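Peer 1:
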Amino acid sequence: MKASQITDEKARRIIKNVISDILRKYNLKCRRMVLFGSRARGESREDSDWDVLVIIEGSLSRKIKREITALIRMELARYRILSDIILQTANEVERKKNDVGYLVHYALKEGVDL
20 MKASQITDEK ARRIIKNVIS DILRKYNLKC RRMVLFGSRA RGESREDSDW DVLVIIEGSL
80 SRKIKREITA LIRMELARYR ILSDIILQTA NEVERKKNDV GYLVHYALKE GVDL
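First residue of the sequence shown? That's 20 in our numbering, and the numbers climb one at a time after it.
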């Protein structure tokens, strides 16, 4: 299946399901998934990736965050969905949301909920 054969609506569903399934395996609760970047602004091209901020409850080590992010990206790649996944805890987002030095600030400002 080519990426061009997947509609945006279907890709959004796949992304939500993949992220939810993987978080569930780690017993993590997702508070929010935010699509940001060119896809959220409606400026994407066929080869644009899907930028997603995933906000979870609880705390995680960097190692586990990297592991989860890699699993999500690999699973989405099986559907030919190129992604950039940012995994943050609710506390991290709260701390960073008003600071223009963090990507989280822009993701929340321009993003749309998945």
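Glycine is no exception: its CB is placed at the ideal position from the N, C-alpha and C atoms.
Source: prediction; values computed, not measured.
From the DSSP output, read off the bridge partner residues of Thr192.
Peer 2: Within the shown structure, residues of the chain are numbered from 20 to 133, placing residue 192 beyond reach of any answer.
Peer 1: What's the call for Leu72, buried or exposed, on a 16-neighbour Cβ count within 10 Å?
Peer 2: Position 53 of the sequence shown, counted from the first residue, corresponds to residue 72. It counts as buried.
Peer 1: Is Ile91 near Lys48, with beta carbons less than 8 Å apart?
Peer 2: One-based indexing of the sequence shown puts residue 91 at position 72. One-based indexing of the sequence shown puts residue 48 at position 29. Cβ atoms of Ile91 and Lys48: not closer than 8 Å.
Peer 1: Could you pull out every residue in the same chain whose Cβ sits closer than 7 Å to the Cβ of Gly130, ignoring the five residues on either side in sequence?
Peer 2: Within the sequence shown, residue 130 is the residue found at index 111, counting from 1. Same-chain partners within the cutoff: Val53, Leu54, Phe55, Ala59 and Leu72.
Peer 1: Looking at the structure shown, is Leu54 part of a helix, part of a strand, or coil, going by DSSP?
Peer 2: Start at 1 with the first residue of the sequence shown, and residue 54 comes out as number 35. In this structure, Leu54 counts as strand in the three-state DSSP scheme.
Peer 1: Ser57: buried (16+ other C-beta within 10 angstroms of its C-beta) or exposed?
Peer 2: Residue 57 sits at position 38 when you count from the first residue of the sequence shown. Its Cβ having fewer than 16 others within 10 Å, Ser57 is exposed.
Peer 1: Tell me Asp132's beta-bridge partners as DSSP assigns them.
Peer 2: Here residue 132 is taken as the residue at index 113 of the sequence shown, counted from 1. The partner list for Asp132 (beta bridge, DSSP) reads Val53.
Peer 1: Out of Asp40, Tyr45 and Lys84, state which residue places its alpha-carbon closest to the alpha-carbon of Thr108.
Peer 2: As a first step, residue 108 is located in the sequence shown; it is residue number 89 there, counting from the start. For the residues Asp40, Tyr45 and Lys84, the minimum Cα distance to Thr108 belongs to Lys84.
Peer 1: Based on DSSP bridge pairs, tell me the residues matched to Ser102.
Peer 2: Residue numbering aside, residue 102 sits at position 83 when the sequence shown is read from its first letter. DSSP output for Ser102 lists Trp69 as bridge partner(s).
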